[in-house]
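Take a look at the structure set out below.
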Amino acid sequence: MSTTVIRGGLVITATEETRSDVLVDGERVVALAAHGSEPAQRWAESADRIVDAEEHYVIPGGVDAHTHMEMPFGGTFASDTFETGTRAAAWGGTTTIVDFAIQSIGRSLREGLDAWHAKADGQCAIDYGFHMILSDVDDSALKEMDALVGEGVTSFKMFMAYPGVFYSDDGRILRAMQQAASNGALPMMHAENGIAIDVLVQQALAAGRTDPRHHGRVRHPLLEAEATHRAIQLSRVAGAPLYVVHVSATEAVAEITRARDDGIAVFGETCPQYLFLTVDELARPDFEGAKFVCSTPLRPAEHQESLWRALRTDDLSVVSTDHCPFCFASQKELGRGDFSKIPNGMPGVENRVDLLHQAVVEGRISRRRWVELASTTPARMFGMHPRKGTIAPGADADVVVYDPRAEQVLSAETHHMNVDYNAYEGRRVTGRVRTVLSRGEVILDDGTYTGRAGRGRFVARGTCDYLG
Ligand code: URP
Ligand code: ZN
Ligand code: ZN
Ligand code: ZN
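With the sequence shown counted from 1, adding 38 to any position gets you our numbering.
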């Protein structure tokens with residue numbers, strides 16, 4: 039095995055910041071020692087490779103627990119494949135993704151999961167796991183959930199939105215939650231009242247309101263809050279935990295906060311687009327607003343403060359991207375003249391770690407909270423910790439050497455995502471990924487990418503770390 043020493047950096051985990059050298063042997067971290075200490079000197083003398091981290095942060099690789107590579111949606115597919123999307127993730131300091139395999143209506147979970155393995159296997163540059171989207175909860179799907187948990191697919195997303203596509207009614211949701219209560223899985227919820235939203239969509243279109251702005255108007259914050267409330271109550275009845283994805287509305291945060299204050303195992307996730315962008319983007323001229331169509335939708339600026347506050351108080355615990363890119367020129371175009379046909383989703387897998395670091399620079403969160411939100415908590419939430427999400431003896435050597443002073447401008451000109459726009463185009467941020475190790479292998483260093491498709495491995499996940 040070959041040894042690497044990551045030397046002289048400030049090692050930041052969710053709980054500590056220390057000036058330490060990190061000894062990596064093969065794929066794992068084996069030890070940390072104070073920089074300049076006698077053991078650290080010895081490691082440096084005998085190491086096969088030294089990664090100089092002076093003046094840099096040394097952080098666990100990002101864990102993006104919500105991506106949709108090649109996801110079918112609205113008659114097209116998300117434009118990043120597992121190959122291009124995981125490469126872009128690596129450029130942005132993310133070393134693990136959890137993507138969503140999809141059960142098609144009338145098909146088994148097994149078929150869906152096999153199809154996603156076939157798409158991802160041999161393609162990924164970084165490690166990857168799967169959640170399973172339940173689109174058709176019936177007796178056999180419920181039984182299959184148990185088998186999937188045994189294979190490391192331990193979380194199941196359901197949709198209260200998108201009737202006729204991914205939508206599950208309350209009865210199906212309750213049954214799946216009951217199953218999760220018995221097999222230890224974590225139910226994930228897209229909480230928007232899709233039945234009511236569809237009425238508002240039809241009314242808007244009938245009145246000739248067809249442009250992207252109306253996407254934001256029909257997906258009312260109260261319909262996010264209502265669904266969040268209902269999902270929480272259903273999970274309580276079932277005795278299951280709940281993870282609410284892509285929370286964007288103040289009123290939905292309030293539902294999660296209240297449940298958590300009552301001691302209920304409810305967790306919330308938000309995404310950079312809700313923290314850094316507002317509904318105003320949907321009003322951009324020349325159909326450019328379509329670039330910002332995602333669900334839940336971008337909200338008015340006042341919602342952002344609630345999200346930041348909830349990230350500080352842990353009422354929201356994870357920041358994932360919901361990376362689901364569609365090219366503006368060829369794919370978002372499908373919804374010109376009918377906003378409801380715009381493929382829903384935005385790119386972001388490459389930008390998350392930097393945007394969250396910008397929040398550190400701006401004093402919104404601490405450095406340790408940055409690491410916790412971007413890496414440690416998602417790893418714990420989805421049963422990958424302590425292998426992922428920390429820098430400690432025994433952990434996979436997924437490590438990012440981060441330059442906290444480098445300046446960069448986010449842009450489609452320079453990003454690596456396979457999509458023709460960047461949602462944060464022109465935004466200046468401080469901080470940049472310099473070096474990325476994935477299981478001990480340097481896959482990115484100083485602007486040179488040396489990763490390759492197929493080196494990433496499937497991660498069979500355990501159950502949620504927060505449930506005892
Ligand atoms: O607009 C979004 N979020 N697209 C991806 C699918 C989902 O609901 O997460
Ligand atoms: Zn030094
Ligand atoms: Zn969703
Ligand atoms: Zn999603």
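Even glycine gets a Cβ: it sits at the ideal position worked out from N, Cα and C.
query                                                                                                                                                             : result
Please confirm if the stretch 474 to 487 is in contact with the stretch 435 to 445, defined as three or more CB-CB distances below 8 Å between the two stretches. : yes
Return yes when the C-beta of S286 is under 7 Å from any heavy atom of ligand 3, and no when it is not.                                                           : no
Where R418 and S378 are concerned, what is the direct C-alpha to C-alpha distance, given to the nearest angstrom?                                                 : 36 Å
What is the rounded straight-line gap between the Cα of R66 and the Cα of P323?                                                                                   : 50 Å
Any chance you could list the alpha helix (DSSP H) runs of at least 4 consecutive residues sitting entirely within the stretch 242 to 283, in chain order?        : 251 to 256, 259 to 276
Is it buried or exposed, R87, if we count other Cβ atoms within 10 angstroms and call 16 or more buried?                                                          : exposed
State the CB to CB distance for the pair T114 and T359, rounded to an integer number of angstroms; the pair is presumed to be in contact (CB under 8 Å).          : At roughly 19 Å, the Cβ-Cβ gap does not stay under 8 Å, so T114 and T359 are not in contact.
Please list, in chain order, all residues of the same chain as M226 whose beta carbon is under 6 Å from its beta carbon, the five residues on each side excluded. : S193, K195, Y281, V283
Hey, is H104 close to ligand 4, as in C-beta under 7 Å from one of its heavy atoms?                                                                               : yes
Just how far apart, CA to CA, sit E340 and A461?                                                                                                                  : 20 Å
For R466, which beta-bridge partners are listed by DSSP?                                                                                                          : V447
Given 7 Å as the limit, tell me if D236 has its C-beta closer than that to any heavy atom belonging to ligand 1.                                                  : no
Indicate, with yes or no, if ligand 3 has a heavy atom lying under 7 Å from the CB of S333.                                                                       : yes
May I ask you to report which of helix, strand or coil DSSP gives T119?                                                                                           : coil
Check L354 in the structure and name its three-state DSSP category.                                                                                               : coil
Closer than 7 Å: is that where the CB of V457 sits relative to any heavy atom of ligand 4?                                                                        : no
Ignoring anything shorter than 3 residues, give me the beta strand (DSSP E) runs that lie fully in the stretch 180 to 231, in order along the chain.              : 193 to 197, 224 to 228
Taking only three categories from DSSP, how would you classify E12?                                                                                               : With the chain running from 39 to 506 in the structure shown, residue 12 is simply not present.
Is H228 near ligand 3, with its Cβ less than 7 Å from a heavy atom?                                                                                               : yes
Sort out for me which residues DSSP pairs R45 with in a bridge.                                                                                                   : D90
Between which two residues does the alpha helix (DSSP H) containing E289 stretch?                                                                                 : 288 to 299
What is the DSSP secondary structure of P431, reduced to helix, strand or coil?                                                                                   : coil
Between N382 and ligand 1, is the CB less than 7 Å from at least one heavy atom?                                                                                  : yes
Please return the same chain residues whose Cβ sits closer than 7 Å to the Cβ of S333, not counting the five positions on each side in sequence.                  : A199, E230, R257, N382
What does the alpha-carbon distance come out to for the pair Y95 and G469?                                                                                        : 10 Å
What is the residue span of the alpha helix (DSSP H) that R418 lies within?                                                                                       : 415 to 419
What three-state label does DSSP hand F366 in the structure shown?                                                                                                : coil
Is the stretch 316 to 330 close to the stretch 242 to 261, with three or more CB pairs under 8 Å?                                                                 : yes
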